[in-house]
Amino acid sequence: MDILSSRIILRPRDYATTLAFYRDSLGLATFREYPGGTVFFAGQSLIEVAGHGAAETDPQGFAGAIWLQVRDLGAVAVELTLRGVAIERAPVTEPWGLIEMWLKDPDGVPIVLVEIPEEHPLRRDNR
Numbered sequence: 000m001d002i003l004s005s006r007i008i009l010r011p012r013d014y015a016t017t018l019a020f021y022r023d024s025l026g027l028a029t030f031r032e033y034p035g036g037t038v039f040f041a042g043q044s045l046i047e048v049a050g051h052g053a054a055e056t057d058p059q060g061f062a063g064a065i066w067l068q069v070r071d072l073g074a075v076a077v078e079l080t081l082r083g084v085a086i087e088r089a090p091v092t093e094p095w096g097l098i099e100m101w102l103k104d105p106d107g108v109p110i111v112l113v114e115i116p117e118e119h120p121l122r123r124d125n126r
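Each residue of the sequence shown is one higher than the one before, starting from 0 at the first, in numbering that gives the first Met the number 0.
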């Protein structure tokens with residue numbers, strides 16, 4: 000199977016509120032818009048906020064998390080705080096060496112913002 004592209008699709012309870020969160024609060028750039036939905040750039044992936052397709056019988060909640068890498072997590076924490084975004088957990092260096100900060104979108108979807116320190120193995124050229 001060849002995977003040509005990928006994205007996370009969210010079907011929020013309140014489309015307008017979730018759209019404003021990803022567009023205005025997080026400041027993600029718009030990839031494209033269509034009637035009833037907006038797709039945002041998220042690094043090498045996409046996040047689509049869809050105002051359609053959800054059914055009342057669909058399970059509520061989100062079992063995973065959205066992982067977004069940033070250059071300077073301290074600066075992002077200040078920026079998001081100034082925008083009024085509630086930070087669930089401030090930046091912490093994890094035992095695996097990444098610096099992580101946690102927040103949630105309006106539907107409670109966990110978002111992990113990650114900074115990869117200069118000395119971390121993910122930054123090594125393994126060629």
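All C-beta atoms in this analysis are idealised placements derived from N, C-alpha and C, irrespective of residue type, glycine included.
From this set, W101, I46, D124, R70, which residue's C-alpha is nearest P116's C-alpha?
R70
Residue range of the alpha helix (DSSP H) that G36 falls in?
First-last for G36: 36-41, but that is the beta strand (DSSP E), not the alpha helix (DSSP H).
Inter-residue Cα distance where the pair is F20 and T92
26 Å
Alpha carbon to alpha carbon, how far is H119 from I46? Give it in angstroms, no decimals.
Going by the C-alpha atoms only, they are around 27 Å apart.
Could you say if the region 31-42 and the region 77-93 meet the contact criterion of at least three C-beta pairs nearer than 8 Å?
no
Could you name the residues of the same chain whose beta carbon sits closer than 8 Å to that of L27, not counting the 5 residues immediately before and after it, in chain order?
Y21, F39, F40, A41, I46
By alpha-carbon positions, which one of D106, E114, F61 ends up nearest to L67?
E114
V143 by DSSP, collapsed to three states: which one?
For the chain, the structure presents residues 0 to 126; residue 143 sits outside this window and is missing.
Does D124 pass the burial test, meaning 16 or more other C-beta atoms within 10 Å, or should it be called exposed?
Exposed, because fewer than 16 other Cβ atoms sit within 10 Å of the Cβ of D124.
Give me the Cβ distance between P94 and K103, rounded to the nearest whole Å; I'm assuming they're in contact under 8 Å.
Contact between P94 and K103 does not hold, since their C-beta atoms are separated by about 23 Å, which reaches or exceeds 8 Å.
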